[in-house]
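These notes are about the structure you will find just below.
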Amino acid sequence: MLKKNKTSKKIKASSRRKFFKAAVATTTVAASLTMPNVSFGAPVTLKMQAAWNGGKNIFFEMAKDYEKRVNQMAGGSMKLEVLPRGAIVKAEEITDAVSAGIVDAGHTASAYWYNKNNAAMLFGSGPTFGFSSQELIGWIEYGGGRKLLEEIFRSLNLNIISFFAMPSPAQPLGWFEEHINKISKIKDVEYRTSGIVTDVLSAMGFIVRKLPEDKTETETPMERDLIEGREFNNPTLDKEFGMQEISKHYHLGSYYKSIGVFELEFNRTKFNNLEPHHRAIIKYAAESVNSDNYWKAIQKYSTDLVKLMNDHQVNVHKTSDEILRAQLKAWDIVLAEKMNDPLFKKIVESQKVYCKKVMKYLFMNQPDYQLAYEHAFAEPSKVKIDL
């Protein structure tokens, strides 16, 4: 009886092994039939040219952060390579190059192609009606902005699709030879800037000069008193550019460039031919780096501002309300001239509808964070920080 039971157990064990082998084989076949069609061959390769110089440049670093996210999320099935400014085309040629398929993608900003249609500036270098760069991206994605952007693309026959990232803090008013705190002090001041804001500053009374983004070519005129003020972008880039070497009065806060975001452009045909999961990676990597770029920016900008003050004896001023109000009035003048374009007008009206509702909620709901800061420390301009 015992021998019979042992034989029976061996037969059952053998049957179980056969069953599991068959089950594994069946599962393997089923998995091969139901799994997504993931290519194990050569990865899809995309080249993205940035509008920013390579090397020690925080904007190029942020573009590489996007590259890193795309490649990690793709897991080897797609590879994005970000190239520096000028690697294939000039910065102002990126949009056309992406549209034509000369380069697959571009890491740029609307300020580089707004001359094709001034309405483009409303997607990254336009006026504020009370919102910040963060809410601008919110308007693009949830307030109807993307649909209006598509209208611009169609009107220009641009074969591109764009994603947006890095809600930039407001750019400084700039660097001057003295503290500029009254509108009377800016009359006839010769000032270097670029883009649509040249019209804004001209309306304020500045004598605007367009000079190249090259330190030697800009520094010499300023040292010779040919220009008395200039702007660049933020404390980090300004410091790397060397503005502290030619001026000691730095004015923070301005409406003339209070909105700024990166535009991540892709050739539409190339994008549409990608696998759905690759298209999703491109989109969601932009949303991810949107936050990371901002976190990095405020840490780096604030650190370099302290270095400008402590190491280079730069006098940092908050732009006066008098000058800020003058900027808003100047923007009104510039916008009035542009509103003759029906599409431009439609975009401005859409932004105002979104801003009127969203910012009412935020302004009424948010407490005064500066009040809490002063309670914990002191009035911001009086706070001393050692690194």
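According to this note's numbering, the sequence shown is numbered sequentially starting from 68. Note that CB positions come from ideal geometry on N, CA and C, so glycine has one too. All of these numbers come straight from a predicted model, not from anything done at the bench.
**Asked** So the beta strand (DSSP E) F230 belongs to, where does it begin and stop?
**Response** Along the sequence shown, read from residue 1 onward, the residue named residue 230 stands at position 163. 227-232 is the extent of the beta strand (DSSP E) around F230.
**Prompt:** Straight-line CA distance for G193 to I390?
**Reply:** In the sequence shown, counting from the first residue as 1, residue 193 sits at position 126. In the sequence shown, counting from the first residue as 1, residue 390 sits at position 323. Each residue's Cα considered, the two are about 18 Å apart.
**Request:** Indicate whether the contact test is met: 3 or more Cβ pairs, each with one atom in the stretch 214-232 and one in the stretch 440-453, closer than 8 Å.
**Result:** no
**Asked** Hey, how far is the Cα of Q116 from the Cα of T162?
**Response** Position 49 of the sequence shown holds residue 116. Position 95 of the sequence shown holds residue 162. Their backbone Cα atoms lie some 10 Å apart in a straight line.
**Request:** Evaluate the contact criterion for the stretch 317-326 versus the stretch 262-270: three or more CB pairs, one atom per stretch, below 8 Å.
**Result:** yes
**Message:** Using 8 Å for Cβ pairs, my map puts D171 next to V356. What's the rounded Cβ distance?
**Reply:** As a working mapping, residue 171 is identified with position 104 in the sequence shown. As a working mapping, residue 356 is identified with position 289 in the sequence shown. So it is not a contact: roughly 18 Å between Cβ atoms.
**Message:** With H, G and I counted as helix, E and B as strand and the rest as coil, what does DSSP make of V156?
**Reply:** Position 89 of the sequence shown holds residue 156. Three-state result, V156: coil.
**Asked** Around the Cβ of N301, are there at least 16 other Cβ atoms within 10 angstroms (buried) or fewer (exposed)?
**Response** Reading the sequence shown from its first residue, position 234 is the one you call residue 301. Buried is the label assigned to N301, since at least 16 other Cβ atoms lie within 10 Å of its Cβ.
**Request:** Report the option in G197, Y258, D408, A232 whose CA atom is closest to the CA atom of R392.
**Result:** Within the sequence shown, the letter at position 325 stands for residue 392. The option with the nearest alpha carbon to R392 is G197.
**Asked** Under 8 Å between the Cβ atoms of V328 and F231?
**Response** Here residue 328 is taken as the residue at index 261 of the sequence shown, counted from 1. Here residue 231 is taken as the residue at index 164 of the sequence shown, counted from 1. Cβ atoms of V328 and F231: closer than 8 Å.
**Message:** Since A167 and I155 should fall inside the 8 Å C-beta cutoff, what is the C-beta to C-beta distance between them, to a whole number of angstroms?
**Reply:** To locate residue 167, count along the sequence shown from 1; it is residue 100. To locate residue 155, count along the sequence shown from 1; it is residue 88. Wrong, their Cβ atoms sit about 11 Å apart, outside the cutoff.
**Item:** Residues near E159 in its chain [Cβ-Cβ closer than 6 Å; skip 5 each side]
**Value:** In the sequence shown, the residue the question calls residue 159 occupies position 92. Leaving aside the five residues that flank E159 on each side, the residues in its chain whose CB is nearer than 6 Å to its CB run, in chain order, Y179.
**H246, DSSP secondary structure in three states** = Taking the first residue of the sequence shown as 1, we reach residue 246 at position 179. Reduced to three states, the DSSP call for H246 is coil.
**Message:** Just verifying my parser: in three-state terms, what is the DSSP assignment at Y323?
**Reply:** Indexing the sequence shown from 1 puts residue 323 at position 256. Coil, per DSSP.
**Message:** Helix, strand or coil for G272? Go by DSSP, reduced to three states.
**Reply:** Locating residue 272 in the sequence shown gives position 205, where the first residue counts as 1. Of the three classes helix, strand and coil, the one that applies to G272 here is coil, per DSSP.
**Request:** Report buried or exposed for P434, applying the criterion of at least 16 other Cβ atoms within 10 angstroms of its Cβ.
**Result:** Locating residue 434 in the sequence shown gives position 367, counting from the first residue. The C-beta of P434 has fewer than 16 other C-beta atoms within 10 Å across all chains shown, which makes the residue exposed.
**Asked** By how many angstroms is the C-alpha of S417 removed from the C-alpha of E148?
**Response** As a first step, residue 148 must be located in the sequence shown, where it is residue number 81. As a first step, residue 417 must be located in the sequence shown, where it is residue number 350. One C-alpha to the other measures close to 36 Å.
**Message:** Does the CB of G142 have a neighbour CB from chain D at under 8 Å?
**Reply:** The structure shown has no chain D; it contains just one protein chain.
**Sequence-distant residues of the same chain with beta carbon closer than 8 Å to E295, five excluded per side** = In the sequence shown, counting from the first residue as 1, residue 295 sits at position 228. Around E295: F243, E244, V256, E257, Y258, M289.
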